[in-house]
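Notes for the one structure printed next.
Number of protein chains: 2
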Amino acid sequence: MRTDGWPRPKAVCNREVSTLTDTSQTQPFTNQSILLAKRPTGLPDASTFRFETSAVPSVQDGEFLVRTLWLSVDPYMRGRMNDVKSYVPPFPVNEVIRGGGIGQVVASRHPDFEAGDLVTGELPWQRYVTSRGRGLRKLNPSLQPITAALGVVGMTGLTAYFGLFEVGRPRPGETVVVSGAAGAVGSVVGQLAKLAGCRVVGIAGSDEKIEYLTKELGFDAAINYKGTDLREAVRAACPNGVDVYFDNVGGDITDAVVFRMNDFGRIALCGQISAYNLARPDVGPRLLPLFVMRRLSAQGFIVSDFSSRFSEGLQRLARWHQAGQLKSRETVIEGFERLPDAFLGLFRGDNVGKLLVKVADPVHPAG
Amino acid sequence: MRTDGWPRPKAVCNREVSTLTDTSQTQPFTNQSILLAKRPTGLPDASTFRFETSAVPSVQDGEFLVRTLWLSVDPYMRGRMNDVKSYVPPFPVNEVIRGGGIGQVVASRHPDFEAGDLVTGELPWQRYVTSRGRGLRKLNPSLQPITAALGVVGMTGLTAYFGLFEVGRPRPGETVVVSGAAGAVGSVVGQLAKLAGCRVVGIAGSDEKIEYLTKELGFDAAINYKGTDLREAVRAACPNGVDVYFDNVGGDITDAVVFRMNDFGRIALCGQISAYNLARPDVGPRLLPLFVMRRLSAQGFIVSDFSSRFSEGLQRLARWHQAGQLKSRETVIEGFERLPDAFLGLFRGDNVGKLLVKVADPVHPAG
Chain A
1 MRTDGWPRPK AVCNREVSTL TDTSQTQPFT NQSILLAKRP TGLPDASTFR FETSAVPSVQ
61 DGEFLVRTLW LSVDPYMRGR MNDVKSYVPP FPVNEVIRGG GIGQVVASRH PDFEAGDLVT
121 GELPWQRYVT SRGRGLRKLN PSLQPITAAL GVVGMTGLTA YFGLFEVGRP RPGETVVVSG
181 AAGAVGSVVG QLAKLAGCRV VGIAGSDEKI EYLTKELGFD AAINYKGTDL REAVRAACPN
241 GVDVYFDNVG GDITDAVVFR MNDFGRIALC GQISAYNLAR PDVGPRLLPL FVMRRLSAQG
301 FIVSDFSSRF SEGLQRLARW HQAGQLKSRE TVIEGFERLP DAFLGLFRGD NVGKLLVKVA
361 DPVHPAG
Chain B
368 MRTDGWPRPK AVCNREVSTL TDTSQTQPFT NQSILLAKRP TGLPDASTFR FETSAVPSVQ
428 DGEFLVRTLW LSVDPYMRGR MNDVKSYVPP FPVNEVIRGG GIGQVVASRH PDFEAGDLVT
488 GELPWQRYVT SRGRGLRKLN PSLQPITAAL GVVGMTGLTA YFGLFEVGRP RPGETVVVSG
548 AAGAVGSVVG QLAKLAGCRV VGIAGSDEKI EYLTKELGFD AAINYKGTDL REAVRAACPN
608 GVDVYFDNVG GDITDAVVFR MNDFGRIALC GQISAYNLAR PDVGPRLLPL FVMRRLSAQG
668 FIVSDFSSRF SEGLQRLARW HQAGQLKSRE TVIEGFERLP DAFLGLFRGD NVGKLLVKVA
728 DPVHPAG
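Chains as they are written, first to last, in our numbering: chain A, 1 to 367; chain B, 368 to 734.
Here it is as structure tokens:
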């Protein structure tokens, strides 16, 4: 589907927002969605997705209409494209894909939301959606930039915060290794581990990323896994062995790190992006004998395991972020129609920091 | 070395014990030791061991002389034959092998030990040894049989107790799977899990063992891994999936169990006997992606990690044992000279329950 003719959203003034609260005004707009066309085998491609157009839904009592501004693409979403038991239910085929997002209320018949409000939470890959508020929370517009709510002061920051501190449990002076270190989660993990007084080593896939980690984020060392003898590189970067390994990647990278772990080392298993597009389980050296010899522990987790403590995490992340102690970079792809390709970019390692798709600009209700 | 001519120890009366406290009397005896002749590659064999004879050492002030009665052979000892970093230091080549044992004091110039006392702890593979008491504790002779101190009310029982309750953390109604279930540790794990209100499934390597587990020890189900489609068998035996896996074995058996684990399942990694004789790490399906999907955790442990709580564990194990709620079987090999072969029998799966070598009978000091 060609989308070039799709009207680009533009900033509107306060009066126009007010106008939009008249729900009859929403009817003329055309909506656009991206559905899961079929379950991919291996790496998804264009045929995995299908674009659909429809009328923008009318707003019923108790509902509000959200215009999508930003959508987040994250590696875990690949798992939802498979029809397998996992921590989140699979995306149904022929239904709209969903993920983290930021939107703006453009019409409301809900007592707690009004036009102009920014909201964040799980949103469909769709330009407009009605909501009763479930799963969405208002976003404090003083957060700068607001997209931090999808990254460093949002789910990926929380994933780093709880995974590192609750699962990895680093102590000052320990060596923490992070794979996928330049990604949205990994880049926060490394900075938090530095705040905790650790030696921090990142593993990433380009010289640009390595430089970002060591020059901008303060990692003590970083390894470009491409074209490197990984075991030798880990040995050189971790002269005292590895105490905590925060793993986003799996596969050969993880093998190399685990073989260097110290007694009582802890492995926080956040993701295994190297395995997400495999049609069947890969084989590799058996690691569990090492677990016994060195009393290692490994724990898989997802951020929602800690949902009762999100406000704690968000407060701390926001404070560090505002104080400049927690830096973040975003890789922004512009245009709703580029969502599928942006998502596939995760598996090419395109992004430094959080990978976001910008769908529309917010209106600015302040007159 | 032929050992047929070696005089078999026999019970002596109280007076003879007294005589033995005259250390000059110990000199005429000949001692015998088993040393690590060379580090094995793969499965050890006769050439791994060397027998030596020497004089029985004289007893100095502050020492006592122990005659070895029982020696324990345990899978973890294979690891000590390698020259690799592990939780216990490697056995030095050309030095006497050491392991768990029970002995009797036959002469003493130590204030706290007297002839007739039974002691247990780490002993050399040697008929007589002098000690200052370090690493040995007196054994309560009311423990029946005293060999329980090497098994169900000793290190293997403690391994089961702490591994299951501290690492596996089973809750009533959960399904607990144990590999090496008919062995010294596994057979205790299964019974403890039954006491904790769990459904218990054992995996072992013969029909005799399977029958022992289900008929004598009260396991709910047991699987003979030989000649079985393991994944199918685990599925059939665990209709509600697996919540806790206590692993003594590793390899294919572990793969089959891990693929059936439920969300938040816990893997207590006690041993990996299938890997102990491999010259290089085996390969197998990568398991860590499943850890992320299902939020599994795995932790390697050894019993000494819980040494500060041994008295708690021993008290509870002794109580259950005395009450008949914790049964144990021993496989006894008679004769010091058969220690190497007994040890190798661990890897052939010869034993049901604790595998022990009887070296000598105790004297009975009671007149």
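The C-beta atom is built at its ideal place from N, Cα and C for all residues, glycine as well.
Near-chain A residues of the region 644-660 of chain B - C-beta to any C-beta below 7 Å: Going along the region 644-660 of chain B in chain order, one finds P648, D649, V650, G651, P652, R653, L655, P656, F658, V659, M660 with a Cβ nearer than 7 Å to chain A.
Report yes or no: is there a C-beta of chain A within less than 8 Å of the C-beta of B/T621? yes
Short of 8 Å Cβ to Cβ, which residues in the region 61-91 of chain A face chain B? Taking 8 Å as the cut-off between beta carbons, the residues of the region 61-91 of chain A near chain B are G79, V84, K85, S86, Y87, in sequence order.
Find out if the Cβ-Cβ distance for the pair B/T542, B/D484 is shorter than 8 Å. no
Could you tell me whether the Cβ atoms of A/A268 and A/Q299 are closer together than 8 Å? Yes, the Cβ-Cβ distance between A/A268 and A/Q299 is below 8 Å.
Just tell me which of B/S425, B/P491, B/G521, B/A515 has its CA closest to the CA of B/F677. B/G521
Please list, in chain order, the chain A residues whose beta carbon lies closer than 9 Å to that of B/L663. L269, A298, Q299, G300
Please classify A/E232: does DSSP put it in a helix, a strand, or coil? helix
Closer than 9 Å, Cβ to any Cβ of chain A: which residues of the region 666-685 of chain B, in chain order? Q666, G667, F668, I669, D672
So what does DSSP say about B/R536, is it helix, strand or coil? coil
Alpha carbon to alpha carbon, what distance is there between A/A237 and B/Y454? Approximately 24 Å between the Cα atoms of the pair.
Quick one: list the residues of chain B neighbouring A/A275, beta-carbon separation under 7 Å, in chain order. R653, P656
At 3 residues or longer, and completely inside the region 479-551 of chain B: list those beta strand (DSSP E) runs for me, N to C. 485-491, 495-498, 503-505, 542-546
Does the distance from the C-beta atom of B/L517 to that of B/K721 stay below 8 Å? Yes, these two residues count as a Cβ contact at 8 Å.
For A/Q191, return the contacting residues in chain B, with the cut-off set at a CB-CB distance below 8 Å. Simply none; closest approach about 22 Å.
Measure the alpha-carbon distance for A/F165 versus B/D596 and round it to whole angstroms. 41 Å
Kindly indicate if chain A contains any beta-carbon less than 8 Å away from that of B/G553. So, not an interface residue.
Please name the residues in the region 592-618 of chain B whose beta-carbon is closer than 8 Å to at least one beta-carbon of chain A, in chain order. D614, G617, G618
Consider the Cβ of B/Q493: report whether some Cβ of chain A lies at a distance smaller than 8 Å. no
Closer than 8 Å by C-beta to B/M628: which residues in its own chain qualify, once you throw out the five before and the five after it? Chain order, please. G608, V609, D610, Y612, I634, L657, R661, L663, listed in sequence order.
With a threshold of 8 Å between beta carbons, is A/Q272 in contact with chain B? yes
Helix, strand or coil, according to DSSP, for A/L287 in the structure here? Taken through DSSP and simplified to helix, strand or coil, A/L287 comes out as coil.
Would DSSP call B/V472 helix, strand or coil? strand
Given this structure, state the Cα-to-Cα distance separating B/I570 from A/P340, to the nearest angstrom. 46 Å
Start and end of the alpha helix (DSSP H) containing A/A342? 339-348
From which residue to which residue does the beta strand (DSSP E) around A/Q32 run? 30-36
Taking B/I577 as part of the alpha helix (DSSP H), name the residues at either end of that continuous run. Boundaries of the alpha helix (DSSP H) around B/I577: 574-578.
Check whether A/V188 and A/Y128 have beta carbons under 8 Å apart: no
Just to confirm the assignment, what range does the alpha helix (DSSP H) spanning A/I333 have? Taken as a continuous stretch (DSSP letters only), A/I333 belongs to no alpha helix (DSSP H), being part of the beta strand (DSSP E) at 330-334.
Within 10 Å of its beta-carbon, does A/S108 have 16 or more other beta-carbons around it, so buried, or fewer, so exposed? buried
Between which two residues does the alpha helix (DSSP H) harbouring B/T621 extend? 618-625
Spatial neighbours of A/L168 in its chain, beta-carbon cut-off 6 Å, leaving aside the 5 residues before and after: This sequence places Gly at residue 168 of chain A; Leu is not what is there. The answer, listed in chain order, is V244, F246, R266, A268.
Going by alpha carbons, who is nearest to B/P478 out of B/F431, B/E697, B/V650, B/P424? B/F431
Below 8 Å between beta carbons: does that hold for A/V185 and A/C270? Going by C-beta atoms, A/V185 is nearer than 8 Å to A/C270.
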